[in-house]
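Heads up, the thing below is written out as structure tokens.
Here it is as structure tokens:
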């Protein structure tokens, strides 16, 4: 569907990548239970501003298989890549062991997942396990995305930076930085964010927004998002965007939102 914008004479920030597929400025939407009709409406309204759609945690296990296939196919038609949430992989590894992982990945590819997240938010990965899991994801025909950080406690800045670099060196499609690590006492974790800016390839990193599940309020989540856009510009990669704020997030990127133009943030 070709979209003709309203107010086409109003200029937009030239630093923002507006055309899909984007090489930078990706928005990852995190979803738990959107139905097909709701997703279709969301894509019609905001699909131009969505790049990756994460089926969060282990929710994929609870959906009817034909529904999940239809959902991922709909996303693909709109140029949105699908990501299988990492805590599902953690559950499989913990409850079934690594020998069951190829079958799990085969099903992920069969239903249509393009990207598979490998994380250790709760279930620790032993030495060398991440590399092995990345190889298994590729062998199954999907692409690995590596998440770094802990939902339960803050990690040292140096440890996060080193782990991000490790994930990138292993060839991850993206390195996701856990949203809980990016907030400290309700404010953006400036030390970590600025260290990442200095030391890693930011275009291959995605910053997850914090969520109420890790104790952040709506005001704190917005403050974190604003700080990331102010620090890296409108083409920063943002994850954990909820379906209801896709357009709001794009307005903030472009200086059209409540924070005003980017040079006044």
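Numbering (the working numbering), first residue to last: 21 to 285. Beta carbons are placed, not taken as given, at the ideal position from N, Cα and C, and that holds for glycine.
In whole angstroms, give me the CA-to-CA distance for residue 206 and residue 39.
In the chain shown, the residue the question calls residue 206 occupies position 186. In the chain shown, the residue the question calls residue 39 occupies position 19. Spanning the two alpha carbons is a distance of roughly 34 Å.
Taking only the alpha-carbon atoms, compute the straight-line gap between residue 180 and residue 110 and give it to the nearest angstrom.
The residue you call residue 180 lines up with position 160 of the chain shown. The residue you call residue 110 lines up with position 90 of the chain shown. Those two C-alpha atoms are separated by around 19 Å.
Looking only at C-alpha atoms, which of 31, 128 and 270 sits nearest to residue 86?
By one-based count along the chain shown, residue 86 stands at place 66. The option with the nearest alpha carbon to residue 86 is 128.
Straight-line CA distance for residue 214 to residue 48?
Within the chain shown, residue 214 is the residue found at index 194, counting from 1. Within the chain shown, residue 48 is the residue found at index 28, counting from 1. Roughly 22 Å between the two C-alpha positions.
Which residue wins for smallest C-alpha separation from residue 15, given the options 220, 28, 44 and 106?
The chain is shown only over 21 to 285; residue 15 falls outside these bounds and no answer can be derived.
So, does the stretch 233 to 247 touch the stretch 88 to 104, judging by three or more C-beta pairs under 8 Å?
Touching, no, given that fewer than three Cβ pairs across the two stretches are closer than 8 Å.
Closer than 8 Å is the cut-off here; do at least three beta carbon pairs connect the stretch 265 to 272 with the stretch 50 to 60?
The stretch 265 to 272, when compared against the stretch 50 to 60, does not touch it at the 8 Å Cβ threshold.
I'd like the list of long-range same chain contacts for residue 169, defined as Cβ closer than 7 Å, with 5 residues on each side in sequence excluded.
Translated into positions along the chain shown, residue 169 becomes position 149. 175, 180, 197, 198, 200 and 201, listed in sequence order.
Where are the beta strand (DSSP E) runs, 3 residues long or more, that stay fully inside the stretch 166 to 249, in chain order?
195 to 197 and 225 to 228, all fully within the stretch 166 to 249.
Count the other CB atoms, across all protein chains shown, that sit within 10 Å of the CB of residue 62; report buried if there are 16 or more and exposed otherwise.
Against the chain shown, residue 62 aligns to sequence position 42. So residue 62 counts as buried.
Please confirm whether residue 164 and residue 154 have their CB atoms less than 8 Å apart.
Numbered from 1 along the chain shown, position 144 holds the residue referred to as residue 164. Numbered from 1 along the chain shown, position 134 holds the residue referred to as residue 154. Yes, these two residues count as a Cβ contact at 8 Å.
Closest by CA to residue 69, which one among 257, 108, 285 and 280?
For this step, residue 69 is matched to residue 49 along the chain shown. Checked all of 257, 108, 285 and 280; the closest Cα to residue 69 is 257.
Quick one: what's got a C-beta closer than 7 Å to residue 301's C-beta in the same chain, skipping five residues either side?
Examination of residue 301 is not possible in this model, given that the chain is present from 21 through 285 alone.
To the nearest whole angstrom, what separates the beta carbons of residue 278 and residue 285, a pair I think is in contact under 8 Å?
Position 258 of the chain shown holds residue 278. Position 265 of the chain shown holds residue 285. Wrong, their Cβ atoms sit about 11 Å apart, outside the cutoff.
Beta-carbon within less than 7 Å of residue 187's beta-carbon, same chain only, minus the 5 sequence neighbours each way: which residues are those?
Numbered from 1 along the chain shown, position 167 holds the residue referred to as residue 187. Once the five neighbours on either side are set aside, the close Cβ partners of residue 187 are 166, 168 and 195.
Helix, strand or coil for residue 119? Go by DSSP, reduced to three states.
Within the chain shown, residue 119 is the residue found at index 99, counting from 1. Helix, per DSSP.
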